[in-house]
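Numbering (the numbering used here), first residue to last: 273 to 498.
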């Protein structure tokens, strides 16, 4: 009997055999996956195993989050799952306006090898998940929640030092825009307004470029984790 998780040579091609963990059974189309590593070299196959295995695990995690998570978690999961399928997440309206060939490709990509439609993948590729309504004013708390594991060993004082510059950065961004706004609506235009705010402040000579760069760094970091 072959070992699960190791590459196995079948008809001159190595495959990864991986039994689907029980917790992912409801979101995986088959109990055991066989993934072609597209090589007859064991050394090359071994070099690919971890990346392929990690890809499946991340995909299953995203599908679980998409099924069981709150609105924000479902949106993040859909966006990540679409990216893993090689597509950008689009709203349902945007999908409907795609060229027919592009739309058909997305529809085909929602199917498992058994030709059954995978619901979580369909939501991700066809815009079946609504973008969350998180506002900029709630971004720091949202990021703190996501980063809770990373910050688990920080003291109360360390958490204040983690939190305060991010709060300032968000306040500055809201000031630059002129209003609180949904995070999903923040684009390069708002980033440019933020930059202009700091350019005006730096003209006085009372603030340093390093302060501006920290602001940009914190905002970019929080938006990446959204």
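Built from N, CA and C at the ideal position, the CB exists for glycine as well.
All values derive from a computational prediction rather than experimental measurement.
Along the beta strand (DSSP E) that carries residue i, what are the first and last residues, could you check?
{"i": "residue 302", "result": "Here residue 302 belongs to no beta strand (DSSP E), and DSSP marks it neither H nor E."}
Using only alpha-carbon positions, find the residue among the options that is nearest to residue i.
{"i": "residue 488", "options": "440, 476, 472", "result": "440"}
{"i": "residue 392", "options": "417, 320, 352, 464", "result": "352"}
{"i": "residue 360", "options": "368, 326, 396", "result": "396"}
{"i": "residue 314", "options": "330, 285, 364", "result": "285"}
{"i": "residue 464", "options": "475, 308, 415, 492", "result": "492"}
{"i": "residue 348", "options": "428, 400, 390", "result": "400"}
{"i": "residue 442", "options": "427, 423, 431, 415", "result": "415"}
{"i": "residue 278", "options": "325, 470, 371, 296", "result": "325"}
{"i": "residue 454", "options": "403, 434, 479", "result": "403"}
{"i": "residue 288", "options": "328, 309, 498", "result": "309"}
{"i": "residue 329", "options": "496, 317, 293", "result": "293"}
Would residue i pass as an interface residue toward chain B - the criterion being a Cβ-Cβ separation below 7 Å?
{"i": "residue 418", "result": "The question asks about chain B, but that chain is absent: this structure has only one protein chain."}
In the DSSP assignment, what are the bridge partners of residue i?
{"i": "residue 243", "result": "Here the chain covers residues 273 to 498 and nothing more, so residue 243 does not appear."}
{"i": "residue 454", "result": "407"}
{"i": "residue 291", "result": "304"}
Along the chain, where does the alpha helix (DSSP H) containing residue i start, and where does it finish?
{"i": "residue 394", "result": "391 to 398"}
{"i": "residue 358", "result": "Residue 358 -> no alpha helix (DSSP H), and no H or E assigned at all."}
{"i": "residue 464", "result": "460 to 474"}
{"i": "residue 488", "result": "481 to 497"}
{"i": "residue 367", "result": "364 to 368"}
Q. Which ranges would you report for the alpha helix (DSSP H) in the segment 405 to 435 if only whole runs of at least 4 residues count?
A. 411 to 418
Q: Could you say if the segment 452 to 462 and the segment 416 to 435 meet the contact criterion of at least three C-beta pairs nearer than 8 Å?
A: no
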